[in-house]
Structure formats: structure tokens, C-alpha cells
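One gets our numbering by counting positions in the sequence shown from 1 and adding 16 to each.
Below is one structure, written out as C-alpha cells; comments come after it.
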Amino acid sequence: VPPTFLLVTHCNQKQQQMHSLNFHRTLFSLRFFLSSTLKPFSSSSSSSSSSWLSQPGNPLIHWPSFPPNQPKPAPNPNPVPKPDTPPPNPTFSTNDFSLISNLFTNPSISPGSQLHAQLNQTGIKPDSPLIHAVFQHFASSPKLLHSLFLWAENQPGFRPDSSLFDSAVNALAKMREFDSAWTLVLDRIDRDDVEDEKLVSVGTFAIMIRRYARAGMHKAAIRTFEFAKDKKSIVDSGSEMSLFGILVDSLCKEGSVREASEYFFRRKETDLGWVPSIRIYNILLNGWFRARKLKHAERLWEEMKKENVRPSVVTYGTLVEGYCRMRRVEKALEMIGEMTKEGIEPNAIVYNPIIDALAEDGRFKEALGMIERFHILKIGPTLSTYNSLVKGFCKAGDLEGASKILKKMISRGFLPIPTTYNYFFRYFSRCGKVDEGMNLYTKMIESGHNPDRLTYHLVLKMLCEEEKLELAVQVSKEMKHKGHDMDLATSTMLTHLLCKMHKLEEAFAEFESMIRRVDVVCSTFFQLAKYIW
């Protein structure tokens, strides 16, 4: 029976157990099969030193001369440190760091008394820099970190600072270990030692509120604020207002704007002496617009007018951006006229959303006219302004217009950023314009500008869809050399292309890389096996 048949049959039986050892054995068995039987399909051309990328770019488009980028240190090919690797230039014992790392990565050691016993045997004398480093490297192991913190606290001479304490609370709350986080907080509040009580701060409660909001637990976030504001030794009147702003902002950002608004107005009704700041109103306005609840935003705006709440430039900026997001550009322009009457001078933050919305709708004449107004008001366009125009022209398929904007922004001293180039690459990928895309990519590299992760993804997507294998392989190597990992979709496209071109060794190497980075669905394996079987 062919080995591949056995593999496919086996994977069908184990589809629900992808993380098992048998699945990985299957992968390595398949690789062995490939290496022993399919070598004639392998090609050495992909490793050739001469490639399209190493040749001078064909000037299919006359790009403006890019200003040289500031020299940067060589990127680290492995930017994510290994668990047992301390950060560079440590101020603590690297040997102690390695000992703790080994304990954390040992699956037979459990948090609590077992970990404490092992730590005691090491003879380590903890200090804040060492514990901070461990927290930074093992952020996804909250129970182990909690145990480490409790152990360190009991060691002679160790004194945690508020930053380390907040890191412990954040690690627990991040993984939704809220009970353990509260135990830590309440224990410190209840202690008589004044120094211990100082470990709990407004920042501690802010962490809990943000984590509750992110977990969708808006009631718990509100209860945390209610609890904190009664602790007058920790939260005074000024910090209470700041913490309330954090509560409203966190709820709005996580989609609980209705709950934030209801609590806001309930507090206004029950506490007649409370005067909310304009910042709270601005956060709620932005929250309603982000939720695309135009009527609620306009109702709040009318309420502010009735109560004679004096708007700020941020208020009008929020209204303008919100209306632009809802494609109500004319209404946004009305807001600019209104703020001018109020004696509030518009700034670039106010104008940029309008230019972005006009360019998005293809109303380039009006958008360019708005730029001229910038110059009249002596505000001056920003990098964001030019990026909005480049995005609009590229979306409309007007490459010449986008190139003119790029030239203008460079002539006025604005250095293009990867986001600027990505608008071009998105257009080239959508239209399958490989030569133009690679021409820009080459010029970008030659000018010293480093592509970001999205740049590589867009270029690879374009090359894979157009079946430019040699270029795709080389760009993927450059991407990895720069310290960027491919996402699952891009890796899958490249794997399928390699299979289609019968480069099965390279395909399997890429597939194994996917296994190491993410949990891969069985369909990708079936696609790979289909080409072999």
C-alpha cells in the first residue's frame, strides 16, 4: 500500500486530534517518504544567487527619488527570545534567570508549593530586575508568575515595587484569573503595613477595569470602579475622575458604549454635585460613532448643548471624524463652520478625516482643494493627509495620481512609511501587476526603507496568485531574515504554489514551519497530500 495512502487514512481517523503525537509522526514520515522517493522533482533554481530581485529594476513607472532612510541597526533574525534566553545587557544574574526558566518550562512542576520547593532548592536570592525579566518572558503563564511573586515576597531582603505588583495583577487578569488577582489586591489593602498598602494604586484598579472590559464583563468593571472610589487612601477626587474616564473609555473601546452611557447618566442623576469633564463626553461621542450609532451620538451632542458644556477642538474633531466614518462629509464640513464660529481653530486632526473621506469617495478635486485650505490656514498637511490621498488614488486605480501625491509629499519633506507603500502594493496585488509591484519593492529596498509585515504579505500574495514561484520563495526568505513571520493564509498560498510546481521538499519545509508557529487545520494537510498521492 502506498505510504501516502496510509497517511491520508490515518489523518482522516485522527482529524479531531491534530495536536497529538501521531499527527507529528505522520508529518515526519511523509517528509522521509518525500526525501527518499521524490528528489527528482526538487529544483536548485530557487537557491540561485542570480534572481529578478538582484537585477536593476525596470522603470515601468517613473517613481520619484526616495529620500534615503535613516540607517537602522541590523534586524535580529530571531526577534522573539527563547524562553530560557535573558534580555540583552541584563542587570541581574543570567544564571538565576536560566534556573527559573528551566523550572517554568518543566511540565512536571506545578504552580504553588511544588514550584516554591524547587525555587528554594536553587538558592536564588530574587531582586526586582530578575522577577521583572521573568514576568516579561513568561506573560502567558499567570499561575506560575503568581507563585513566583508570592515566593519572592517571602524571601529575606526582597521588596516588590508597585510596578512589579501591577505586573503580577495584570498577568493574572489577562488570563482571566480574576479571583487570584483580587486575592492579591485585597491582601495588600488589608495589611496594616503602610508600605505594603502603597503597592495598590490607581493604576492597579485601572488594570482590573481594562481587563474586565476586554473580557466583556462590563458589570464587573463598573463594580471595580465603585470599589476603588471608596478607597480614599488610594483614590482621591482627582484620580477618581481619571479612573472614571478609564472606565468609560475601556467600555466604549470594547463595544459596551450603551452600558458606559447608562452608567454615566445614572451617576449624573444620583450625584448632583458631580460635574463630568469634557473628556468624558468626548469619549462617549467617539464610542457612539465607533458603534455606528449616529442617532445616539447626535442625541448626546444636543444634550451637551442644552447643558452648556463647552466643546473643545477634540470634541469637534470627534464629530468630524465620526460623520466622515458614516460617509456624511457635508455634515462634517458643517461642523468645521460651527467650530470656527465658536472661536475654535481647526487643526490637522480635524481636517484629515474629511480629506480621507473625500479621497475614499473619489472626490479628489475637493480633497486637493481642502489641502490648499491647509496652506491658507498655515496648518500644513501632515503625513496622514498625504497617505489618505495615496490610498484614495490607489483604490480608484489612478496610479498616476497616487504617484504625483507621493512625489509631492517627498518634495515637502515627508518620508514615506511602509503604510504609504502598502497602498501601492495592495493595488498591484489586486490587479496582478507583478512587474510594477516588484519594481517598487526593489526601489524601496535600494533606498534603505524596510518593508513591514503587511508589505511582505501583500507582495507574497501577489506573487503566489500570479504563480511567480522563484520570486515568492526569495521574498519569503527575505521576510524571515528581517524577523517577520508569515500568517497562516500566506503560508498556505505559498505551500500550495510549491506543491503545484512539484517542489515538494520546499512545500513540506514550509508546512512544517506552519506547524511550529500555529495550529494548522487538517485541510491544508489534505491539500498537500492530494498533490503527492
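The beta-carbon is built from N, C-alpha and C at its ideal position, and this holds for glycine as well.
(request) Measure the Cβ-Cβ separation of residue 332 and residue 320 and say whether it is below 9 Å. (result) Position 316 of the sequence shown, counted from the first residue, corresponds to residue 332. Position 304 of the sequence shown, counted from the first residue, corresponds to residue 320. Not a contact, by the Cβ cut-off of 9 Å.
(request) Following the continuous alpha helix (DSSP H) through residue 130, name the residue where it begins and the one where it ends. (result) The count along the sequence shown starts at 1 and reaches residue 130 at position 114. Where residue 130 is concerned, the enclosing alpha helix (DSSP H) stretches over 129–138.
(message) Helix, strand or coil, according to DSSP, for residue 530 in the structure here?
(response) Your numbering for residue 530 matches position 514 in the sequence shown. Of the three classes helix, strand and coil, the one that applies to residue 530 here is helix, per DSSP.
(request) Return helix, strand or coil for residue 275, following the three-state DSSP convention. (result) Within the sequence shown, the letter at position 259 stands for residue 275. In this structure, residue 275 counts as helix in the three-state DSSP scheme.
(request) From the DSSP output, in three-state form, read off residue 166 for me. (result) Counted from its first residue, the sequence shown places residue 166 at position 150. In the structure shown, the three-state DSSP call for residue 166 is helix.
(message) Among the candidates 191, 252, 248, 207, whose CA atom is the shortest distance from the CA of residue 223?
(response) Taking the first residue of the sequence shown as 1, we reach residue 223 at position 207. Comparing Cα-Cα distances from residue 223 to each of 191, 252, 248, 207, the minimum goes to 191.
(request) Count the other CB atoms, across all protein chains shown, that sit within 10 Å of the CB of residue 477; report buried if there are 16 or more and exposed otherwise. (result) If you number the sequence shown from 1, residue 477 lands on position 461. The residue in question, residue 477, is buried, as its Cβ has 16 or more Cβ neighbours within 10 Å.
(request) Return the residue from the list 249, 460, 200 that minimises the CA-CA distance to residue 218. (result) Stepping through the sequence shown from its first residue, residue 218 is reached at position 202. Out of 249, 460, 200, 249 has the C-alpha closest to the C-alpha of residue 218.
(message) Between the alpha carbons of residue 438 and residue 317, how many angstroms are there, rounded?
(response) Taking the first residue of the sequence shown as position 1, residue 438 is located at position 422. Taking the first residue of the sequence shown as position 1, residue 317 is located at position 301. One C-alpha to the other measures close to 37 Å.
(message) By the DSSP assignment, the alpha helix (DSSP H) with residue 431 in it spans what residues?
(response) As a first step, residue 431 is located in the sequence shown; it is residue number 415 there, counting from the start. For residue 431, no alpha helix (DSSP H) segment is defined, and its DSSP state is neither H nor E.
(request) Specify the secondary structure class of residue 255 as computed by DSSP and reduced to three states. (result) Mapped onto the sequence shown, residue 255 falls at position 239. In the three-state reduction of the DSSP assignment, residue 255 falls in the helix class, which pools H, G and I.
(request) Pull up the distance between the alpha-carbon of residue 290 and that of residue 284, whole angstroms please. (result) Counting from 1 along the sequence shown, the entry for residue 290 is found at position 274. Counting from 1 along the sequence shown, the entry for residue 284 is found at position 268. Straight-line measurement puts the Cα of residue 284 at about 7 Å from the Cα of residue 290.
(message) Rounding to the nearest angstrom, what Cα-Cα distance links residue 48 and residue 517 in this structure?
(response) As a working note, residue 48 is residue 32 in the sequence shown. As a working note, residue 517 is residue 501 in the sequence shown. Unreliable placement is indicated for residue 48, whose pLDDT of 47 sits below 50; no coordinate value is reported for it.
(request) Specify the secondary structure class of residue 334 as computed by DSSP and reduced to three states. (result) To locate residue 334, count along the sequence shown from 1; it is residue 318. Residue state, collapsed to three classes: helix.
(request) Just mark residue 246 as buried or exposed, buried being the case when its beta carbon has 16 or more other beta carbons within 10 Å. (result) As a working mapping, residue 246 is identified with position 230 in the sequence shown. Counting C-beta atoms within 10 angstroms of its own C-beta, residue 246 has fewer than 16 neighbours from the protein chains shown and is therefore classed as exposed.
(request) For my contact list, residue 296 and residue 280 are in at a C-beta cut-off of 8 Å; report their separation, rounded to the angstrom. (result) Taking the sequence shown and counting its residues from 1, the one referred to as residue 296 is at position 280. Taking the sequence shown and counting its residues from 1, the one referred to as residue 280 is at position 264. So it is a contact: roughly 7 Å between Cβ atoms.
(request) Spell out a yes or no on whether the stretch 404–419 and the stretch 370–380 are touching, meaning 3 or more CB-CB pairs, one atom from each, closer than 8 Å. (result) Yes, the stretch 404–419 touches the stretch 370–380.
(message) Comparing C-alpha positions only, which one of 205, 168, 162 sits nearest to residue 185?
(response) Here the question's residue 185 lines up with position 169 in the sequence shown. Taking only the C-alpha atoms, the option nearest residue 185 is 162.
(request) Specify whether the stretch 331–348 and the stretch 299–315 touch according to this definition: at least 3 beta carbon pairs, one from each stretch, less than 8 Å apart. (result) Three or more Cβ pairs drawn from the stretch 331–348 and the stretch 299–315 lie within less than 8 Å of each other, which places the two stretches in contact.
(request) Could you round the C-beta distance between residue 147 and residue 165 to whole angstroms and report it? I think they count as a contact, below 8 Å. (result) Counting from one through the sequence shown, the residue named residue 147 turns up at place 131. Counting from one through the sequence shown, the residue named residue 165 turns up at place 149. So it is a contact: roughly 7 Å between Cβ atoms.
(message) I'd like to check one pair, residue 409 with residue 375: are the Cβ atoms closer than 9 Å?
(response) Along the sequence shown, read from residue 1 onward, the residue named residue 375 stands at position 359. Along the sequence shown, read from residue 1 onward, the residue named residue 409 stands at position 393. Yes. Within cutoff.
(request) Identify whether residue 325 lies in helix, strand or coil by the three-state DSSP scheme. (result) Residue 325 sits at position 309 when you count from the first residue of the sequence shown. DSSP places residue 325 in coil when its eight states are reduced to three.
(message) If you measure between the beta carbons of residue 328 and residue 298, is that distance less than 9 Å?
(response) Position 312 of the sequence shown holds residue 328. Position 282 of the sequence shown holds residue 298. Result yes, Cβ atoms of residue 328 and residue 298 sit closer than 9 Å.
(message) Less than 7 Å between C-beta atoms, sequence neighbours within five positions excluded: which residues of the same chain meet that for residue 122?
(response) Residue mapping note: residue 122 aligns to position 106 of the sequence shown, counting from 1. If we look at residue 122 and ignore the five residues flanking it on each side, it has no Cβ neighbours.
(request) Would you mind sorting residue 490 into buried or exposed? The rule is 16 or more other CB atoms within 10 Å of its CB. (result) Taking the sequence shown and counting its residues from 1, one reaches residue 490 at position 474. Buried is the call here.
(message) Measuring straight from C-alpha to C-alpha, what distance separates residue 176 and residue 168?
(response) Within the sequence shown, the letter at position 160 stands for residue 176. Within the sequence shown, the letter at position 152 stands for residue 168. The straight-line gap from Cα to Cα measures roughly 8 Å.
(message) Just to confirm my understanding: we take residue 151, look at its own chain, exclude 5 residues before and 5 after, and list those with CB closer than 7 Å. What are they?
(response) Mapped onto the sequence shown, residue 151 falls at position 135. If we look at residue 151 and ignore the five residues flanking it on each side, its Cβ neighbours are 161, 183, 187.
(message) Can you look up residue 152 in the DSSP assignment and give me helix, strand or coil?
(response) Position 136 of the sequence shown, counted from the first residue, corresponds to residue 152. The three-state reading of DSSP puts residue 152 in helix, counting H, G and I together.
(request) Taking the CB atoms as reference points, tell me whether residue 405 and residue 421 lie closer together than 9 Å. (result) Along the sequence shown, read from residue 1 onward, the residue named residue 405 stands at position 389. Along the sequence shown, read from residue 1 onward, the residue named residue 421 stands at position 405. For residue 405 and residue 421, yes; Cβs fall inside 9 Å.
(request) Please state whether DSSP places residue 261 in a helix, a strand or coil. (result) Position 245 of the sequence shown, counting from 1, holds the residue named residue 261. Note: residue 261 maps to helix in three-state DSSP.
(request) Measure from the alpha carbon of residue 339 to the alpha carbon of each residue in 311, 293, 358, then state which is nearest. (result) Here residue 339 refers to the residue found at position 323 when the sequence shown is read from its first residue. Per the Cα distances, 311.
(request) Count the other CB atoms, across all protein chains shown, that sit within 10 Å of the CB of residue 195; report buried if there are 16 or more and exposed otherwise. (result) Residue 195 sits at position 179 when you count from the first residue of the sequence shown. Its Cβ having fewer than 16 others within 10 Å, residue 195 is exposed.
(request) Go ahead and label residue 129 buried or exposed: buried means 16 or more other beta carbons lie within 10 angstroms of its beta carbon, across all protein chains shown. (result) By 1-based counting over the sequence shown, the position of residue 129 is 113. Around the beta carbon of residue 129, fewer than 16 other beta carbons sit within 10 angstroms, so the residue counts as exposed.
(message) If the criterion is Cβ atoms closer than 9 Å, does the pair residue 385 and residue 364 meet it?
(response) Taking the sequence shown and counting its residues from 1, the one referred to as residue 385 is at position 369. Taking the sequence shown and counting its residues from 1, the one referred to as residue 364 is at position 348. Not in contact: residue 385 and residue 364 (Cβ atoms no closer than 9 Å).
(message) In whole angstroms, give me the CA-to-CA distance for residue 424 and residue 369.
(response) Residue mapping note: residue 424 aligns to position 408 of the sequence shown, counting from 1. Residue mapping note: residue 369 aligns to position 353 of the sequence shown, counting from 1. So the alpha carbons of these two residues sit roughly 20 Å apart.
(request) Entirely within the stretch 195–249 and at least 4 residues each: give me those alpha helix (DSSP H) ranges in chain order. (result) With a minimum length of 4 residues, the continuous alpha helix (DSSP H) runs that stay inside the stretch 195–249 are 210–213, 218–230, 234–245.
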